[in-house]
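Step one of this worksheet: look at the structure below.
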Amino acid sequence: MKEKMLGLSVIICLSLIALFPVYSEAKNTETIALVMKALSNPFFIVMRDGAQKYARENKISLEIYGTERETEVDQQIKLVENLISADYGAIVIAPADSKKLVPVCRKALDRGIVVINIDNPFHAETLQQYGMGVPFVGSNNLEGAAMVGRYLKRKLNRKGNVAIIEGIRGVENAELRKKGFRDAITTDSQIKVVASETANWHTDEAFTTALRILQKHNQIDAFFAANDSMALGVIQALEMIGAPKKVWIGSYDNIEEVRSQIRNHHIHATIEQHPELMGAHGIELANNALRGKKVPDYVQTRLDLVTYESFDKTIGISISDLENPFFVTMSTEMQKVAELHGIKTIIKDAHNDEAQQLIDIQSFVQKEVDAIIVNPTHAETVSLGIEFANAANIPIITVDRKVTKGKIMSHIASDNLAGGSMAGKLVADQLKGEGNVLELEGIPGTSATQNRGRGFNKILRDYKGVKVTRIVADFNREKARTSVNQFIAEGEEFDAIFAHNDNMILGAIEAYTSANIKLPFLVGFDAVSEALEAIEKGELDATIAQDPAAMGRISVESIVRYIRGEALLAVVLVDLKLVLKR
0 MKEKMLGLSV IICLSLIALF PVYSEAKNTE TIALVMKALS NPFFIVMRDG AQKYARENKI
60 SLEIYGTERE TEVDQQIKLV ENLISADYGA IVIAPADSKK LVPVCRKALD RGIVVINIDN
120 PFHAETLQQY GMGVPFVGSN NLEGAAMVGR YLKRKLNRKG NVAIIEGIRG VENAELRKKG
180 FRDAITTDSQ IKVVASETAN WHTDEAFTTA LRILQKHNQI DAFFAANDSM ALGVIQALEM
240 IGAPKKVWIG SYDNIEEVRS QIRNHHIHAT IEQHPELMGA HGIELANNAL RGKKVPDYVQ
300 TRLDLVTYES FDKTIGISIS DLENPFFVTM STEMQKVAEL HGIKTIIKDA HNDEAQQLID
360 IQSFVQKEVD AIIVNPTHAE TVSLGIEFAN AANIPIITVD RKVTKGKIMS HIASDNLAGG
420 SMAGKLVADQ LKGEGNVLEL EGIPGTSATQ NRGRGFNKIL RDYKGVKVTR IVADFNREKA
480 RTSVNQFIAE GEEFDAIFAH NDNMILGAIE AYTSANIKLP FLVGFDAVSE ALEAIEKGEL
540 DATIAQDPAA MGRISVESIV RYIRGEALLA VVLVDLKLVL KR
């Protein structure tokens with residue numbers, strides 16, 4: 000109760016600030032103002048939190064303003080007028096109206112104030128009319144609503160009557176969501192949209208609107224509400240009339256109250272459009288623009304379809320080594336995405352021990368988890384655990400490293416062969432085809448070690464003047480440091496070193512630094528934060544950037560799609576990138 004009262008106090012205070020901004024004598028030219036709408040809506044509270052977090056971490060001066068309801072367009076215009084008068088450096092705005100806020104933002108631009116548009120895009124023709132362009136940060140509302148439309152179309156078996164509860168008419172994101180849903184659900188189906196009425200984003204209006212639709216039409220098989228607040232009103236209307244049959248409900252925003260309704264199967268689908276990223280990226284672009292940096296015209300934030308089927312399922316996750324920052328990032332993202340989809344996780348660290356990983360997989364089977372994700376310690380040994388899970392009919396996904404036996408639904412990984420080739424080409428170019436190279440190999444038997452090494456050596460075989468010495472360091476920093484120390488003690492000199500992961504290349508750097516010997520040309524693999532810092536300091540020349548967060552996210556999303564009954568790709572490759580000093 001205290002937390003709710005505190006949240007209400009914050010909302011009231013912010014609303015009062017919106018009405019009566021207080022300006023100090025100090026100049027505001029270095030301050031960014033975030034202007035939102037409907038501060039009573041949890042969606043915008045999450046947006047605010049994302050903006051504040053980014054500003055705090057990057058020491059950016061940020062002030063936040065907003066309105067109480069999304070229909071208070073005139074109040075938002077007055078607020079922007081006041082910010083212009085106070086000479087703020089930048090305004091990041093989620094406009095209450097896509098057209099009516101354009102003129103006042105034109106005034107801000109004319110005063111030299113940076114303007115960044117987030118969440119609800121300005122109307123393109125109105126922008127053109129005023130001769131202005133404004134960078135936009137937000138999701139693709141057309142596609143997000145289409146995702147819900149395609150989902151409900153499957154649930155209805157392409158037949159039935161649906162109703163749309165629209166947002167504010169004329170507002171860009173409301174119009175895009177209406178169109179995206181309508182087009183998706185009616186394409187290649189016999190589904191009819193029998194009603195489409197506005198409720199202006201509000202729960203109370205959605206209740207009366209849905210009630211009117213239900214009274215007018217004998218059969219409504221599904222509702223699409225253009226935001227979650229209105230979906231709650233639809234539920235109230237259905238409860239009021241005691242709907243005798245199941246009515247499918249799709250919505251948009253993934254607010255906490257709707258998640259509870261999804262868990263109870265009252266709402267079946269919603270879209271997470273990550274308002275925290277909109278807030279953070281909006282502040283980032285404004286800050287960069289204030290510092291004279293070029294900013295993109297459009298930064299698109301990710302969309303996730305969240306549906307009821309995955310809620311309260313359990314996934315067992317076996318990670319090879321949680322002392323490795325790469326796998327920490329991967330597992331952290333797995334937890335985050337699982338939580339988004341209402342999934343419980345059990346995470347086990349195998350500590351690079353093959354026997355321990357088999358025990359962990361066996362424990363998952365005994366607990367009757369709904370699915371298992373495995374990051375293998377060894378391609379062959381772990382296959383015994385995979386076959387054990389197969390016998391229990393538990394679906395399995397492997398991530399980063401492959402297994403040799405057993406039935407896998409999907410494998411998520413970087414193209415390690417291509418990554419090794421990238422490293423080989425870089426080393427060959429640096430040495431101009433001649434020199435001594437040390438290759439620090441990962442754990443033998445893992446697909447990552449095999450493919451990175453194969454790609455690297457395939458390139459260097461064409462250079463007869465290059466001699467490659469190989470030593471196994473098991474992806475371990477201390478083992479790599481000890482091995483390189485031994486080479487140094489024996490007087491062995493290398494012109495370049497390639498390590499199969501950043502942990503090992505960091506160990507090599509420590510060996511050379513402690514011996515006070517000039518570093519050779521060094522290339523790692525993974526782009527962990529410490530390696531990136533080493534590149535900026537000039538200690539490490541390059542690393543191959545995998546995306547462990549993307550691997551973690553895709554692996555859990557694949558489980559979610561499986562639970563929904565969707566087909567999966569046998570292999571999903573995540574892009575790699577060569578990282579050099581900027």
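The opening residue of the sequence shown carries number 0 in numbering that gives the first Met the number 0; numbering runs sequentially from there.
Just so it is clear, CB atoms sit at the ideal spot from N, CA and C, and this is done for glycine as well.
For residue i, the first and last residue of its enclosing alpha helix (DSSP H)
| i | result |
| --- | --- |
| Y150 | N140 to K154 |
| F43 | P41 to E56 |
| L33 | Unbroken run through L33 is the beta strand (DSSP E), I31 to V34; no alpha helix (DSSP H). |
| T468 | It is not in any alpha helix (DSSP H) - T468 instead sits in the beta strand (DSSP E) that spans G464 to V471. |
Pair within 8 Å by beta-carbon distance, residue i and residue j
| i | j | result |
| --- | --- | --- |
| K98 | G169 | yes |
| R451 | N415 | yes |
| I395 | I371 | yes |
| A388 | V364 | yes |
| G49 | A279 | yes |
| Q272 | T300 | yes |
| F222 | V161 | yes |
| G166 | R181 | no |
| K152 | A183 | yes |
| V571 | I411 | yes |
| G232 | A198 | yes |
| A378 | G444 | yes |
| Q361 | V381 | no |
| V136 | L289 | no |
| D494 | V402 | no |
| L38 | G65 | yes |
| V103 | V133 | no |
| M46 | M277 | yes |
| S330 | I346 | yes |
| I117 | R157 | no |
8 Å contact criterion, which residue i and residue j should meet: CB distance rounded
| i | j | result |
| --- | --- | --- |
| A145 | A225 | No, A145 and A225 are not in contact; Cβ-Cβ is about 13 Å, not under 8 Å. |
| E142 | G179 | 6 Å |
| E196 | I164 | 7 Å |
| M503 | L439 | 4 Å |
| S420 | T376 | Not quite, the Cβ-Cβ distance comes to about 25 Å (not below 8 Å), so this is no contact. |
| V373 | I393 | About 11 Å separates the two Cβ atoms, so there is no contact after all. |
| D540 | F520 | 5 Å |
Assigned exposure category for residue i - 16 Cβ within 10 Å defines buried
| i | result |
| --- | --- |
| M239 | exposed |
| D428 | exposed |
| M0 | Model confidence at M0 stands at a pLDDT of 37, short of 50, so the residue's coordinates are unreliable and nothing is read from them. |
| H340 | buried |
| H264 | exposed |
| A25 | Because the pLDDT of A25 is 43, which lies under 50, any placement of that residue in the model is unreliable, and the number read from its coordinates should be weighed accordingly. It is exposed - the Cβ of A25 has fewer than 16 other Cβ atoms within 10 Å. |
| Q449 | buried |
| G551 | buried |
| Q127 | exposed |
| L568 | exposed |
| I562 | buried |
| T186 | exposed |
| I508 | buried |
| L575 | buried |
| K36 | buried |
| V21 | Low per-residue confidence applies at V21: pLDDT is 42, beneath 50, and the placement is therefore not dependable enough to give any value. |
| Y297 | exposed |
| A530 | buried |
Short CB-CB distance (under 8 Å) between residue i and chain D
| i | result |
| --- | --- |
| A507 | Within the model displayed, chain D is absent; a lone protein chain is all it includes. |
N-terminal and C-terminal residue of the beta strand (DSSP E) that residue i is part of
| i | result |
| --- | --- |
| I167 | Per DSSP, I167 belongs to no beta strand (DSSP E) and is neither H nor E. |
| I92 | A89 to I92 |
| K576 | K576 to L579 |
| Q189 | Q189 to T197 |
Note to self: To test your reading of the DSSP string, which unbroken alpha helix (DSSP H) runs of 4 or more residues are found completely within the region 247 to 307?
What the structure shows: 255 to 262 and 274 to 289
Item checked: Those runs of the beta strand (DSSP E) which lie wholly inside the region 303 to 384 and span at least 3 residues -> 303 to 306, 313 to 318, 343 to 348 and 370 to 373
Check: Which whole runs of the alpha helix (DSSP H) in the region 478 to 545 are 4 residues long or more, in chain order?
Finding: 501 to 513 and 528 to 535
Item checked: Complete beta strand (DSSP E) runs within the region 393 to 453 (minimum length 3 residues, chain order) -> 395 to 398, 409 to 413 and 433 to 440
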